[in-house]
Ligand SMILES: [Fe+2]
Ligand SMILES: [Fe+2]
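Numbering (full-length UniProt numbering), first residue to last: 1 to 155.
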């Protein structure tokens, strides 16, 4: 949990997940062009990865990290709400992708649209979460400016 509170530690987890996901999506897109039926196990692997890694990461954040951010900086409540909505939307898209994969027994446009949208939202979500961490746990810009002004004798 401590790593999640540190911007650098948390950022590393995000970067590793995005790299894995981008690599898997590139393999999936290539496989799909060759043979949609053969692409199915790859899509299942992507969905399983997201379920195990990203959903689990989100659950730990909501249980342990967001309450600490909230206690640290109450002004971030709307940001945390938006981050939780992202988690919900990502979980819904993942369920839909899995549902389509199960139903059609192959990779169709709906599965790909959901996974591509997932990738885009996840990248944005990670950025928003990292800036919330900076705002919660770093000295605020106002505080550092005031400190600098005091040091410079301008206040
Ligand atoms: Fe998150
Ligand atoms: Fe995160």
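The beta carbon of each residue, even a glycine, is placed where N, CA and C say it ideally should be.
- Excluding residues up to 5 positions away in sequence, 93 lie with their Cβ nearer than 7 Å to the Cβ of residue 117 in the same chain.
- Under the three-state reduction of DSSP output, residue 79 falls in the helix class.
- With a threshold of 8 Å, the Cβ atom of residue 137 does not count as near ligand 1, since no heavy atom of the ligand is closer than that.
- For residue 27, the distance from the CB to the nearest heavy atom of ligand 2 is not below 8 Å.
- Just so you know, the alpha carbons of residue 120 and residue 86 end up roughly 11 Å apart.
- Contact check for residue 55 against residue 17 fails: the beta carbons are separated by 9 Å or more.
- Per DSSP, residue 12 is one residue of the alpha helix (DSSP H) stretching across 7-34.
- At least one heavy atom of ligand 2 lies less than 8 Å from the C-beta of residue 4.
- With a beta-carbon spacing of about 5 Å, residue 36 and residue 106 fall inside the 8 Å limit used to define contacts.
- A distance criterion of 8 Å places the beta-carbon of residue 13 in contact range of ligand 2, judged by its closest non-hydrogen atom.
- Taking a C-beta distance under 9 Å as the contact criterion, residue 60 and residue 132 do not qualify as a contact pair.
- Residue environment: residue 111 is assigned as buried (16 or more neighbouring CB atoms within 10 Å of its CB, all protein chains considered).
- A straight line joining the alpha-carbon of residue 125 with that of residue 39 spans about 27 Å.
- For residue 64, there is no enclosing alpha helix (DSSP H), since its DSSP letter is neither H nor E.
- DSSP places residue 108 in the coil class of the three-state scheme, outside both helix and strand.
- Just so you know, the alpha carbons of residue 128 and residue 83 end up roughly 8 Å apart.
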